[in-house]
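Participant: One structure coming up, written as structure tokens, with questions to follow.
There are 2 protein chains.
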Amino acid sequence: MRTLKLTLSYDGTAYAGWQLQPQRPTVQAALEAAIEKLTGRPVRVRASSRTDAGVHALGQVVGLQTDCRLSPEVLRRALNAYLPRDIAVLGVEEVPEGFHATRDAVCKSYRYVIHDGPIRDVFAQRYCWHYAYGRLDAAAMHRAAQTLLGRHDFASFQSSGAERAHTVRTLFEIGVQRGGAGEPDRIVLEVEGDGFLYNMVRAIVGTLVEVGRGEQPETWPADVVRAVDRSAAGPTAPPQGLWLVWVKY
Amino acid sequence: MRTLKLTLSYDGTAYAGWQLQPQRPTVQAALEAAIEKLTGRPVRVRASSRTDAGVHALGQVVGLQTDCRLSPEVLRRALNAYLPRDIAVLGVEEVPEGFHATRDAVCKSYRYVIHDGPIRDVFAQRYCWHYAYGRLDAAAMHRAAQTLLGRHDFASFQSSGAERAHTVRTLFEIGVQRGGAGEPDRIVLEVEGDGFLYNMVRAIVGTLVEVGRGEQPETWPADVVRAVDRSAAGPTAPPQGLWLVWVKY
Chain A
1294 MRTLKLTLSY DGTAYAGWQL QPQRPTVQAA LEAAIEKLTG RPVRVRASSR
1344 TDAGVHALGQ VVGLQTDCRL SPEVLRRALN AYLPRDIAVL GVEEVPEGFH
1394 ATRDAVCKSY RYVIHDGPIR DVFAQRYCWH YAYGRLDAAA MHRAAQTLLG
1444 RHDFASFQSS GAERAHTVRT LFEIGVQRGG AGEPDRIVLE VEGDGFLYNM
1494 VRAIVGTLVE VGRGEQPETW PADVVRAVDR SAAGPTAPPQ GLWLVWVKY
Chain B
1294 MRTLKLTLSY DGTAYAGWQL QPQRPTVQAA LEAAIEKLTG RPVRVRASSR
1344 TDAGVHALGQ VVGLQTDCRL SPEVLRRALN AYLPRDIAVL GVEEVPEGFH
1394 ATRDAVCKSY RYVIHDGPIR DVFAQRYCWH YAYGRLDAAA MHRAAQTLLG
1444 RHDFASFQSS GAERAHTVRT LFEIGVQRGG AGEPDRIVLE VEGDGFLYNM
1494 VRAIVGTLVE VGRGEQPETW PADVVRAVDR SAAGPTAPPQ GLWLVWVKY
């Protein structure tokens, strides 16, 4: 048996998220079906993160075991031929036995994109949150975000439904920037951490938007962390603005 | 009656093109339905260009007559509320009676996007032509394109199905560039002209790609023009890479 590490990009719009669900299209089901078609054997894969319905990935990492002997490059091309058009395998690597895509991840990067112009961008609607209620103060959101850096109990930013026993996580980097010259209506949050609770990035975004629209002061997100209570945070931002960018091992 | 000029952006993926067709979703039908819902009266609109199925618009221009008395700004907002999410009205202007969106256009700009990386970009598949057969020589395509500048009989670049009696058109600008640092696999053609025949931009792209892949010399597109014969040109590039960028009056 070989252990393989796949790097995957997908447009999450058409899927009920990463994880297998009966009767619903999921990215995991599509990938397992493509691998099975290629190797002739059922397979179970494991991802670094179970992205939600509508969430996108630029570099999801998936681990699997197979006795298929094709070279990584041939595997990549064959899987891309079998996969639906909205999923692509970017890379295939052989890794030591025992590689665990979820547990061995040491750092993950997520991006969240907001469009705050008055008129929707028809080409970005599947890929961002259109906040149509006025200009957000991206600089204030950036300053407020800095108070979340470091090691904290992020229980306030965890949605119910997939609670983790341990809710302490470390954020290594977080930044909010309004887009360059060409895209003045685009605000991008980038965040890196050693792990994220269920819906944590989207709850952070919803909380920072309360600051950006002037509803809460820049010190508020730190208060939310201290509350250790989900009802203290802002609303959960919609899924289609969220991107899993990369995962480090 | 007032005459209005609308500027429209749309993702053409879900539509059978601009023009009304029985039993098929078209951008024109969606726009007319939204206007009728707002004003309570049937309306007929006229566009600068009848974009094909799958073709996108960043700035399509549409003219119409109405006795509706709402201000342009209120009209814009109300239409965007009634229109499907993949169509947006960017602007509404009052123009002199007699404005003719098709006939009065003096210059149009189109863009065509090619992705020539080995792995598909899942987020761009609706918005570009994925040319998966190797690297194209964008610089050679640019040089070859320059031979098309100016006033020519472009009959060789007209598809059958919607022939025009007069096939002489003038190209004011044409350029092919490989994308910047972030997008090395992206090739963009930009072209401006006083008018375009049916499928002309896509036939020009298909012809330039023959040069880009080394199948034909850089002098070939000029030979194709001189042939005045559609069978002389390269294949028609697929629709999803084509964008109507702006129209000047």
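In order, the protein sequence lines correspond to chains A and B. With the working numbering as the guide, the letters of the first sequence map in order to residues 1294 to 1542. With the working numbering as the guide, the letters of the second sequence map in order to residues 1294 to 1542. Cβ atoms here follow ideal geometry from the backbone N, Cα and C, with glycine treated the same way.
#1: Classify T1344 (chain A): buried if its beta carbon has 16 or more other beta carbons within 10 angstroms, exposed otherwise.
#2: Reducing DSSP to helix, strand and coil, say where A1530 (chain B) ends up.
#3: Using only the alpha-carbon positions, how far apart do T1460 (chain B) and D1446 (chain B) sit?
#4: D1379 (chain A): buried (16+ other C-beta within 10 angstroms of its C-beta) or exposed?
#5: Would you list, in sequence order, the uninterrupted beta strand (DSSP E) runs of no fewer than 3 residues that lie entirely inside the stretch 1377-1439 of chain B?
#6: How is the beta strand (DSSP E) around E1485 (chain A) delimited, first residue to last?
#7: Can you tell me whether Q1451 (chain B) is helix, strand or coil according to DSSP?
#8: Tell whether a beta-carbon distance below 7 Å holds between V1348 (chain A) and L1482 (chain A).
#9: Which residues bound the beta strand (DSSP E) around A1326 (chain A)?
#10: To the nearest angstrom, how far is it from the Cα of L1313 (chain B) to the Cα of R1471 (chain B)?
#11: Give me the chain B residues within the contact set of N1373 (chain A), using Cβ-Cβ distance strictly less than 8 Å, ordered along the chain.
#12: Considering only their Cβ atoms, is the gap separating L1537 (chain A) from Q1353 (chain A) smaller than 7 Å?
#13: Considering only their Cβ atoms, is the gap separating F1392 (chain B) from T1296 (chain B) smaller than 7 Å?
#14: Taking the straight line between their C-alpha atoms, what separation do you get for T1512 (chain B) and T1440 (chain B)?
#15: If we count the other Cβ atoms within 10 Å of its Cβ and call it buried at 16 or more, is A1374 (chain A) buried or exposed?
#16: Just confirm the distance between the C-beta atoms of A1309 (chain A) and A1346 (chain A), as a whole number of angstroms; I'd bet it's less than 8 Å.
#17: Specify the secondary structure class of A1350 (chain B) as computed by DSSP and reduced to three states.
#18: Name, please, each residue of chain A whose Cβ falls closer than 9 Å to the Cβ of R1337 (chain B).
#19: Under 7 Å Cβ-Cβ, which residues of chain A neighbour D1304 (chain B)?
#20: By how many angstroms is the C-alpha of D1409 (chain A) removed from the C-alpha of Q1316 (chain B)?
#21: In whole angstroms, what is the alpha-carbon distance linking L1490 (chain B) and E1508 (chain B)?
#22: Output, in chain order, the set of chain B residues within a Cβ distance shorter than 8 Å of L1383 (chain A).
#23: Name the DSSP beta bridge partners of V1521 (chain A), please?
#24: With which residues is L1501 (chain B) paired in a DSSP beta bridge?
Facilitator: To lay it out plainly:
#1: Position 51 of the first sequence, counted from the start, is the residue given in the question as residue 1344 (chain A). By the neighbour-count rule (16 or more Cβ atoms within 10 Å), T1344 (chain A) is buried.
#2: Translated into positions along the second sequence, residue 1530 (chain B) becomes position 237. Residue state, collapsed to three classes: coil.
#3: As a first step, residue 1460 (chain B) is located in the second sequence; it is residue number 167 there, counting from the start. As a first step, residue 1446 (chain B) is located in the second sequence; it is residue number 153 there, counting from the start. So the alpha carbons of these two residues sit roughly 5 Å apart.
#4: One-based indexing of the first sequence puts residue 1379 (chain A) at position 86. Looking at its Cβ environment, which holds 16 or more other Cβ atoms inside 10 Å, D1379 (chain A) is buried.
#5: 1380-1388, 1400-1408
#6: Here residue 1485 (chain A) refers to the residue found at position 192 when the first sequence is read from its first residue. 1479-1486 is the extent of the beta strand (DSSP E) around E1485 (chain A).
#7: Looking up residue 1451 (chain B) in the second sequence gives position 158. Looking at Q1451 (chain B) - three-state DSSP - the assignment turns out to be coil, as it is neither helix nor strand.
#8: Stepping through the first sequence from its first residue, residue 1348 (chain A) is reached at position 55. Stepping through the first sequence from its first residue, residue 1482 (chain A) is reached at position 189. Result no, Cβ atoms of V1348 (chain A) and L1482 (chain A) do not sit closer than 7 Å.
#9: Along the first sequence, read from residue 1 onward, the residue named residue 1326 (chain A) stands at position 33. Segment 1320-1332 is the alpha helix (DSSP H) holding A1326 (chain A); no beta strand (DSSP E) there.
#10: Translated into positions along the second sequence, residue 1313 (chain B) becomes position 20. Translated into positions along the second sequence, residue 1471 (chain B) becomes position 178. Cα to Cα, the separation comes out at about 36 Å.
#11: The sequence position of residue 1373 (chain A) within the first sequence is 80, counting from 1. Those within 8 Å of N1373 (chain A) in chain B are I1412, R1413.
#12: Here the question's residue 1353 (chain A) lines up with position 60 in the first sequence. Here the question's residue 1537 (chain A) lines up with position 244 in the first sequence. Going by C-beta atoms, Q1353 (chain A) is nearer than 7 Å to L1537 (chain A).
#13: For the purposes of this step, residue 1296 (chain B) is identified with residue 3 of the second sequence, where counting begins at 1. For the purposes of this step, residue 1392 (chain B) is identified with residue 99 of the second sequence, where counting begins at 1. Yes, the Cβ-Cβ distance between T1296 (chain B) and F1392 (chain B) is below 7 Å.
#14: The residue labelled residue 1512 (chain B) in the question sits at position 219 within the second sequence. The residue labelled residue 1440 (chain B) in the question sits at position 147 within the second sequence. If I take the Cα positions, the gap works out to 8 Å.
#15: Residue mapping note: residue 1374 (chain A) aligns to position 81 of the first sequence, counting from 1. The residue in question, A1374 (chain A), is exposed, as its Cβ has fewer than 16 Cβ neighbours within 10 Å.
#16: Here residue 1309 (chain A) corresponds to residue number 16 of the first sequence, with the count starting at 1. Here residue 1346 (chain A) corresponds to residue number 53 of the first sequence, with the count starting at 1. Rounded, the Cβ-Cβ distance is 5 Å, consistent with contact.
#17: Here the question's residue 1350 (chain B) lines up with position 57 in the second sequence. Correct three-state label for A1350 (chain B): strand.
#18: As a working mapping, residue 1337 (chain B) is identified with position 44 in the second sequence. Here the premise fails: no neighbours, minimum Cβ distance about 23 Å.
#19: As a first step, residue 1304 (chain B) must be located in the second sequence, where it is residue number 11. V1415, F1416, listed in chain order.
#20: By one-based count along the second sequence, residue 1316 (chain B) stands at place 23. By one-based count along the first sequence, residue 1409 (chain A) stands at place 116. Their backbone Cα atoms lie some 36 Å apart in a straight line.
#21: For the purposes of this step, residue 1490 (chain B) is identified with residue 197 of the second sequence, where counting begins at 1. For the purposes of this step, residue 1508 (chain B) is identified with residue 215 of the second sequence, where counting begins at 1. Spanning the two alpha carbons is a distance of roughly 25 Å.
#22: For the purposes of this step, residue 1383 (chain A) is taken as residue 90 along the first sequence, with counting starting at 1. Under the 8 Å cutoff, chain B gives I1412.
#23: Counted from its first residue, the first sequence places residue 1521 (chain A) at position 228. None; V1521 (chain A) has no bridge partner.
#24: Taking the second sequence and counting its residues from 1, the one referred to as residue 1501 (chain B) is at position 208. According to DSSP, L1501 (chain B) bridges with nothing at all.
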